[in-house]
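Position 41 (the sequence shown) corresponds to 46 in the working numbering; numbering is contiguous.
First up is the structure itself, then whatever we jot down about it.
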Amino acid sequence: MRKGFIILIIIFSALLVSKFYIMQPKAMSEENAIQRVEGFIQAVNDNNPAEVYKYLSPDIKELINQGDFEENFAKERSYPYLTPLYLYLDTLELSENKQSGNVECIVAARLPGQRMNFSVVYVKDNYYVVAFRDIADGSFIKKFDKL
């Protein structure tokens, strides 16, 4: 009985330690920022708005819920004259304190040299992307009027 209790305590302690390790905030580092930006880029390249939404900064998420973002993203990407959006990370420059930075991506498109720029910010526990504000606030519809 006593041996079983000791084993139970050891298992509980191991679970508790692993939970704290997993729940740790991600470090403010260039490596972590690159990992997050590359995850965002992969979600964009996969045309997966649900996954894209996970990487968006809290201020963008305040503008729109996930379901509406997915709907707007699909609507924006379905316009007949838009080519598929494929991004490739070119540069990431973090500020000195590593709390924010600027990202420049090469856009694989018909127009050579096309680029997409956006910001990355460290909020609470990880890096998040400040992009697709026009999809979040609905203003993307206006660009269709110009085409």
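Glycine included, each C-beta is placed from N, C-alpha and C at the ideal position.
Predicted model, so just to flag it, every value in this text is computed and none were measured.
Can you give, in chain order, each stretch of the alpha helix (DSSP H) that sits fully within the region 40-107 and has at least 4 residues? 54-60, 63-66 and 71-82
Reducing DSSP to helix, strand and coil, say where Asp-139 ends up. helix
Based on Cα-Cα distance, which residue from Asn-102, Ala-141, Gln-71 and Arg-82 lies nearest to Ala-38? Asn-102
Look at the alpha carbon of Lys-31 and the alpha carbon of Tyr-133, and state the distance between them as a whole number of angstroms. About 12 Å.
Could you tell me whether the Cβ atoms of Ala-141 and Ile-65 are closer together than 8 Å? Yes; because the gap between Cβ atoms is below 8 Å, this pair is in contact.
Neighbour-count burial assignment, Leu-116, 16 or more Cβ in a 10 Å radius: exposed
Flag this pair as touching only if the region 48-60 and the region 72-91 have three or more C-beta atom pairs under 8 Å; answer yes or no. yes
Please report the distance separating the alpha-carbon of Lys-148 from that of Glu-81. 10 Å
Going along the chain, which residues of its own chain have a beta-carbon closer than 6 Å to the beta-carbon of Val-108, five neighbours each way excluded? Only Val-42, Leu-97, Phe-123 and Val-125 meet the Cβ criterion.
Close Cβ partners of Cys-110 (< 7 Å) along its chain, the five nearest in sequence each way excluded: Ile-46, Leu-92, Tyr-93, Leu-94, Asp-95, Arg-120 and Met-121
Going by CA-CA distance only, name the one from Glu-35, Lys-59, Ser-144 and Met-33 that's closest to Val-135. Lys-59
Segment limits, beta strand (DSSP E) that includes Ser-34: Here Ser-34 belongs to no beta strand (DSSP E), and DSSP marks it neither H nor E.
Could you spell out where the beta strand (DSSP E) holding Phe-123 opens and where it closes? 120-128
Nearest-angstrom Cα distance between Ala-114 and Asn-50? Approximately 12 Å, taken between the alpha carbons.
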